Amino acid sequence: MKRRVFVLSQAVAITLIWSCSTHKTVTYNQPSAKNNDIERRTDSVLNLMTLEEKIGQMNQYNGFWEVTGPAPKDGAAAIKYEHLKKGWVGSMLNVLGTKDVRALQKIAVEQSRLHIPIIFGYDVIHGYQTLSPIPLGESASWDLEAIQKSAAIAAEEAAAVGLNWTFAPMVDITRDARWGRVMEGAGEDTFLGSKIAYARVKGFQGENFRDAKTILACTKHFAAYGFAEAGRDYNTVDIGTSTLYNVVLPPFKATVDAGVYTFMNSFNEINGVPSTGSAFLQRDILKGNWGFKGFVVSDWGSMAEMIAHGQAKDGKQAAEIAANGGSDMDMESSVYVEHLAALVREGKVQESYIDDSARRILRTKFELGLFDDPYKYCDEAREKATVGKKEFQDGVLDMAKKSIVLLKNQNDLLPLKKSGQKIALIGALANDKSSPLGSWRGAAKDGSAVSVLEGMQKYPGNQLTFEKGVEVAIGTPVFGSETKINMTDRSEFQKAITAAENADVVVMVLGEIGFQTGEGRSRVNLDLPGLQQELLEAVYKANKNVVLVVNSGRPLILNWADQNIPAIVEAWQLGTQSGNAIAQVLYGDYNPSGKLPMSFPRNVGQLPIYYNHKSTGRPNGGGESVFWSHYGDEKNTPLYPFGYGLSYSKFEYTNLRLSTTSLSDNDRITVSVDVKNTSKIDGKEVVQMYIHDLFGSATRPVRELKGFEMTALKAGETKTVSFDIDKKLLEFYTANNRWETEPGDFTVFIGGNSDATLSANFKYVN
Ligand code: NOJ
């Protein structure tokens, strides 16, 4: 094999030509109709690389220096800088803005021996600077098209500032609201979660990377991070095969089907093995069974954390376990760059594993088009014209409205009248322009959200007064620090009570401040934080016409409110346009249609709580006997079930029917229901289908979501909504340790939430 290197006038235009034994010449940074064959171009680079350079591709650093200042001369930053110049950095994260990205890319492309561009990643979780609702909020829309569009907006804005990789979507199924990261996912359900995961990948990645408006998505956290014991972040995960295959893995698989380019593994161990070192997950399932062609990045420092887990004795062993386990890129542990070459030479890690990882990463760079133009994402003019543009604001507003869930609306207190009313708006969160940004707020500036106060001020027909009533937090909450909650200062209570006394209607905005959820934000207490419950009760005493708007990144405990407050709206943390979205819903300019993606518990003691639980051997009881599966001091059921949400319209479900009651292999059953809007207001309803597999080789959940459809119904209109059921829809990971559909009896339910009662029975026979 012969290698020749030509250096042209501009370093970027350096052309490396590799002549392979078949006498074909391949230039890896010269696209043309002839050589845009990505596999061959990837091989052509790989064949030029030293072992250290290949390992360099597997190394990712956090932005380590102010690019506008002098180059680092000492310490860790200086070492990283040298690595960058040597081509020992495959990717960087947290470098923002075309200017900085360009400067760093220039070093990689012009100063490293092989001029290989790097990938720039960032946590674009629900937007870059223009924020959509937190992912849990978006999921409440059940609107896959809107969710895909929201991801596309995030991608376009991020791509305009030099980024080409987001660490999203998080597809961890979670049943425990104590876990602060529930805000980042799609909630408790595998079917809904899989559809949303698919949509988000399509939104971020688009059809291709040609126009620099799309970026790589990264499915995380592989796997089972959402099952951290007791909802405590980073805690141990221990789940059985059935839960792993039937509940946890399908959303991950859905993103592979959507063509996701990257995966991130997780901090947790699962059944005794840290995911970062799990060959079972990464090699057997992901790259083996699912045929995933992209690469896996570790979570932040998770390779080195295998030492604390008690699996690796030092960084070198951590690198060995991670590489053999199938982790392709090391995020910020530096164990690959330090130890992997030695491990290969000692025969502890096969070189073919290094080749495979480097190939996956390089191939992705070709797919992005970085070899053709490493500065493709670094157009300053585009950056200026794109960030925060009007079209994005409209898009995230639309998404925010669709995410709102109406939990209660006694006597149609909502929507509010638009004129002639005295409205008291109460709660510190009503005037908070940062909390609606939630956690993982990307590069959004503090105070950049529209507050509820600002939103409501756009309706001038009423007389609006505002009182904060009580502060939620003490001081300014910060991303990485514990939030101090106000438990003592009631000095503003009286003003709020007086405002309530003088009002026709009170709107109270209560809940969590933006940084009370997210990574490292587990809580055991899920009541309204601080003194807010006390304020709510005091205000209610003064005026019973209270509309409670809840801002939260997770389900909260709302029992008292549910029993007393006539109208309750779950408004999550809705992003940049939050206040406008809430005001439009409160005033009826938008008719809410959101449905809960997580059950709202009555008590923290019920957690984990989820609708698709198993029956148990003792599901029924009552009276004096205690010998059945229950709590002595609380119901088993949640306060608001999964899938629940009201509208200003009213919907009636009738006439559930099946096309046939017996399903065979190549057949299908059509199940239909009539849905009528019995109100005088046009609206939308998410019609949901659940199926119960009555008996199985392994026990089956009491019901599982298997279909849903957003249906628009004019006032008085009736529509028939139908779903098809086939063998595939009924399959599960059985006691035989494979996916199959077992013959037997099934019940199908259709309705507006997971408590749907209209039902019919059918059989699957083969
Ligand atoms: C740790 C988080 O677990 C992960 O989700 C995130 O992408 C990385 N940090 C990078 O910020």
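The opening position of the sequence shown corresponds to residue 476 in my numbering, with each subsequent residue numbered one higher. Glycine included, C-beta positions come from ideal geometry on N, C-alpha and C. Since this is a predicted model, take the numbers as computed values, not measurements.
heavy atom of the ligand NOJ below 8 Å from residue i C-beta
i     : result
K994  : The identity of residue 994 in the sequence shown is Glu, whereas the question assumes Lys. Indeed, a heavy atom of the ligand NOJ lies less than 8 Å from the Cβ.
F770  : no
F642  : yes
D713  : no
N569  : yes
K695  : yes
F679  : no
F1126 : no
D774  : yes
M806  : yes
M645  : yes
F968  : no
F702  : no
D598  : yes
M778  : no
Residue i, buried or exposed, once every other Cβ within 10 Å from all chains shown has been counted against 16
i     : result
M962  : exposed
K1070 : buried
N1026 : buried
G565  : buried
P749  : buried
A875  : buried
F1170 : exposed
P1218 : exposed
E976  : exposed
N1236 : exposed
L1233 : exposed
F1224 : buried
G715  : exposed
R834  : buried
N545  : The question names Asn, but residue 545 is Pro in the sequence shown. The residue in question, P545, is exposed, as its Cβ has fewer than 16 Cβ neighbours within 10 Å.
W617  : buried
G950  : exposed
T497  : Its pLDDT being 33, under 50, T497 is placed unreliably in this model, and the coordinates cannot settle the point.
R1175 : buried
N987  : Checking the displayed sequence, the identity of residue 987 turns out to be Glu instead of Asn. Buried: at least 16 other Cβ atoms inside 10 Å.
S832  : buried
Y700  : buried
N740  : buried
As assigned by DSSP and simplified to three states, the class of residue i
i     : result
A508  : Any reading at A508 is ruled out, since the residue's pLDDT is 48, under 50, leaving its predicted position unreliable.
H1088 : coil
I1144 : strand
R707  : coil
T1218 : First, the amino acid is wrong: residue 1218 is Pro here, not Thr. Coil at P1218, not helix or strand.
R1132 : strand
P1176 : strand
H1167 : strand
K695  : strand
Q535  : strand
F429  : For residue 429 there is no data in the structure shown, the boundaries of the chain being 476 and 1241.
Q938  : strand
D873  : helix
S1229 : coil
Y1208 : strand
E1127 : strand
L589  : coil
A1187 : strand
A1235 : strand
A1042 : strand
M781  : helix
W1103 : coil
I648  : coil
Y1062 : coil
Y597  : strand
T1195 : strand
F702  : helix
P749  : strand
Contact test: residue i Cβ vs the ligand ATP heavy atom, cutoff 8 Å
i    : result
W654 : This structure simply doesn't include the ligand ATP; it includes the ligand NOJ instead.
Requested in this report: Kindly provide the ranges of any alpha helix (DSSP H) runs that are 4 or more residues long and lie completely inside the segment 789–861, ordered along the chain.
Outcome: 790–800, 810–820, 826–843 and 855–861
Which runs of the alpha helix (DSSP H), 4 residues or longer, sit entirely within the segment 927–998? The segment 927–998 contains these whole alpha helix (DSSP H) runs: 927–932 and 968–976.
| field | In chain order, each beta strand (DSSP E) run of at least 3 residues that lies wholly inside the segment 710–740 | value | Here the runs fully enclosed are 737–740.
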